[in-house]
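Report on the structure given below.
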Amino acid sequence: MKETYFLSRTDAEGNERRMPIGIIKGATPGERITVFGGQHGTEYAGIEAAMRLFRETDPADVSGTIVVSMATHEESLMNWIQFAPTHPEIADMMLEAATGSQYIINCHGGEFTEEMHPYVICRLIGDEAAEAVAMRMARALGVGIVSLSKYRGEPPPDPSGARPAWWLWPKKGLCDKLGIPEITPEIGQVGDRDDLLMYGGIINVLKELGFLKGPAIQHPEPNVIGDRWWLTANQEGIYFPVVTVGQEVTKGTFLGEIRDYFGTVLQTVEAPDDATVMNMNIGMPVKKDGFLIWLGQF
Ligand SMILES: [Zn+2]
């Protein structure tokens, strides 16, 4: 059986925020999983995959219940808003959609102006059994690269107001609140709507966990990202990158530069060590302290 509805909340200004939800109730009883697409509304691969998952899955093939949030941040989807903050009303609806589930998949990727090398964030919540399941889910997703992330309190205040790179100070996730395994696939980039890697990965995780019939593809253990670098702009300017995601660079490799309108070089960006380009801004304008590129070693 399939069911659809909107969760809804009204913010302090009286604006309604909605979240379209589809529930697939399997023919066989079992556990419950929540899949979120579009917490960031310009990350399309996850939205495509979530909608396809709901549209194409036959409840006869399902054990348990699959809850799908098709557009978790509808306002950012419909208004093309990049890097949209998760408003309290959205966080509250996410909590409602995930409560009662034993697992969470929260699909992300590169925004319109971001290139992203596919990888998956595996949340560590301080519970060995839950973390082992999350690692199993990360392996089943099949992208082969995992980043471990653990909430450890809020960052010290920064005079500029900037939050440090997310892996240094990740925010508390639903998994921390609910004490259940959660993975965050980072798949897709620059408006790419190809959902094959995301959709195929989710299907394989659902098979691995027993929600869908059929054997899961047994991928090798993923590489875990170790050291990493988050490079930002020293000052406002126009950014000219010369590398691309997935590219392996060595210490000192020229990655790009920031110029003013007339050609004067304001900043030369070089690789701080041997690493792989994981994620980068391709938008021309950059602000002081704005994100340029992040590199990881694995
Ligand atoms: Zn995102």
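Heads up, the sequence shown is in this note's numbering, so the first residue is 324 and it goes up one at a time. Even for Gly, the Cβ is constructed at its ideal location relative to N, Cα and C. Only a predicted model underlies this, so the values are computations on that prediction, with no experimental measurement involved.
**Asked** When you compare each of Thr567, Leu618, Leu519 and Leu501 to Ile273 by their alpha carbons, which one comes out closest?
**Response** The chain is shown only over 324 to 621; residue 273 falls outside these bounds and no answer can be derived.
**Item:** Same chain, Cβ closer than 7 Å to Leu447, five either side skipped, listed in chain order
**Value:** Mapped onto the sequence shown, residue 447 falls at position 124. Glu454, Leu471, Ser472 and Lys473, listed in sequence order.
**Request:** Just tell me which of Val572, Ile581 and Gly579 has its CA closest to the CA of Gln620.
**Result:** Taking the sequence shown and counting its residues from 1, one reaches residue 620 at position 297. Relative to the Cα of Gln620, the nearest Cα in the group Val572, Ile581 and Gly579 belongs to Val572.
**Asked** Exposed or buried, Leu383, counting other C-beta atoms within 10 Å across all chains shown (16 or more means buried)?
**Response** On the sequence shown, residue 383 is found 60 positions in, with the first residue counted as 1. Rather than Leu, the amino acid found at residue 383 in this sequence is Ala. Exposed: under 16 other Cβ atoms inside 10 Å.
**Asked** Three-state secondary structure (DSSP) at Ala414?
**Response** By one-based count along the sequence shown, residue 414 stands at place 91. Helix at Ala414.
**Prompt:** Who are the Cβ neighbours of Trp552 in its own chain at under 6 Å, not counting the five residues just before and after it?
**Reply:** Position 229 of the sequence shown, counted from the first residue, corresponds to residue 552. Cβ contact annotation for Trp552 (same chain, cutoff 6 Å, sequence separation greater than five): Pro595 and Leu618, in chain order.
**Request:** Figure out for me which residue from Arg459, Glu434, Trp489 and Pro545 has the closest Cα to the Cα of Val513.
**Result:** Residue numbering aside, residue 513 sits at position 190 when the sequence shown is read from its first letter. Relative to the Cα of Val513, the nearest Cα in the group Arg459, Glu434, Trp489 and Pro545 belongs to Glu434.
**Prompt:** Gln405: beta carbon under 7 Å from a heavy atom of ligand 1?
**Reply:** Locating residue 405 in the sequence shown gives position 82, where the first residue counts as 1. Not one heavy atom of ligand 1 falls within 7 Å of the beta-carbon of Gln405.
**Asked** Exposed or buried, Pro608, counting other C-beta atoms within 10 Å across all chains shown (16 or more means buried)?
**Response** Locating residue 608 in the sequence shown gives position 285, counting from the first residue. Result: exposed.
**Prompt:** To which residues of the same chain is Val466 closer than 8 Å at the C-beta, ignoring the five residues directly before and after it?
**Reply:** One-based indexing of the sequence shown puts residue 466 at position 143. For Val466, same chain residues with a beta-carbon under 8 Å away, outside a window of 5 residues either side, are Pro441, Tyr442, Val443, Pro508, Ile510, Leu520, Gly524 and Pro545 in chain order.
**Proximity to Ala556 [Cα-Cα], best of Asp583, Glu419, Gln590 and Met416** = Mapped onto the sequence shown, residue 556 falls at position 233. The shortest Cα separation from Ala556 among Asp583, Glu419, Gln590 and Met416 belongs to Gln590.
**Asked** Where DSSP assigns a beta bridge to Trp617, which residues make up the other side?
**Response** The sequence position of residue 617 within the sequence shown is 294, counting from 1. Answer by DSSP bridge pairing, in chain order: Trp553 and Asn602.
**Message:** Taking 8 Å as the cut-off, does the segment 352-361 touch the segment 386-393 (at least 3 CB pairs, one atom from each stretch)?
**Reply:** Judged by Cβ distances under 8 Å, the segment 386-393 makes contact with the segment 352-361, as three or more pairs qualify.
**Prompt:** Is it right to say Gly476 is buried, meaning 16 or more other beta carbons lie within 10 angstroms of its own, or is it exposed?
**Reply:** Counted from its first residue, the sequence shown places residue 476 at position 153. Its Cβ having fewer than 16 others within 10 Å, Gly476 is exposed.
**Message:** Please classify Ser483 as buried or exposed, where buried requires at least 16 other C-beta atoms within 10 Å of its C-beta.
**Reply:** By 1-based counting over the sequence shown, the position of residue 483 is 160. Under a 10 Å Cβ-count criterion, Ser483 is classified as exposed, with fewer than 16 other Cβ atoms of the shown protein chains found around its own Cβ.
**Request:** Report, in whole angstroms, the separation of the C-beta atoms of His396 and Gly364, which I expect to be a contact under 8 Å.
**Result:** Looking up residue 396 in the sequence shown gives position 73. Looking up residue 364 in the sequence shown gives position 41. Between His396 and Gly364 a beta carbon distance of about 5 Å is seen, short of the 8 Å cut, so the two are scored as contacting.
**Message:** With the cut-off set at 8 Å, would you say Asp518 and Glu371 are in Cβ contact?
**Reply:** Working through the sequence shown from its first residue, we reach residue 518 at position 195. Working through the sequence shown from its first residue, we reach residue 371 at position 48. Going by C-beta atoms, Asp518 is nearer than 8 Å to Glu371.
**Prompt:** At what residue ranges does the segment 475-546 contain a whole run of the alpha helix (DSSP H), taking only runs of 4 or more?
**Reply:** As far as the segment 475-546 is concerned, its whole alpha helix (DSSP H) runs of at least 4 residues are 497-501 and 519-531.
**Prompt:** Are the Cβ atoms of Leu539 and Ala463 separated by less than 8 Å?
**Reply:** Within the sequence shown, the letter at position 216 stands for residue 539. Within the sequence shown, the letter at position 140 stands for residue 463. Per the sequence shown, residue 539 should be read as Ala rather than Leu. Taking 8 Å as the Cβ cut-off, Ala539 and Ala463 qualify as a contacting pair.
**Asked** Mind checking whether Val600 and Val547 have CB atoms under 8 Å apart?
**Response** For this step, residue 600 is matched to residue 277 along the sequence shown. For this step, residue 547 is matched to residue 224 along the sequence shown. Not a contact, by the Cβ cut-off of 8 Å.
**Item:** Cutoff 6 Å; reference Glu398; Cβ partners in own chain excluding five residues on either side
**Value:** Counted from its first residue, the sequence shown places residue 398 at position 75. Close CB contacts of Glu398 within its chain, under the 6 Å cut and outside five residues either way in sequence, are absent.
**Message:** Taking 8 Å as the threshold (C-beta atoms), are Ala373 and Val390 in contact?
**Reply:** The sequence position of residue 390 within the sequence shown is 67, counting from 1. The sequence position of residue 373 within the sequence shown is 50, counting from 1. Cβ distance not < 8 Å, so Val390 and Ala373 don't count as in contact.
**Request:** Tell me whether Glu336 sits in a helix, a strand or coil according to DSSP, three-state version.
**Result:** Here residue 336 refers to the residue found at position 13 of the sequence shown. In the structure shown, the three-state DSSP call for Glu336 is coil.
**Prompt:** Taking the beta strand (DSSP E) that Val358 falls in, what are its first and last residues?
**Reply:** For the purposes of this step, residue 358 is taken as the residue at position 35 of the sequence shown. Under the DSSP assignment, Val358 falls in the beta strand (DSSP E) whose first and last residues are Thr351 to Gly360.
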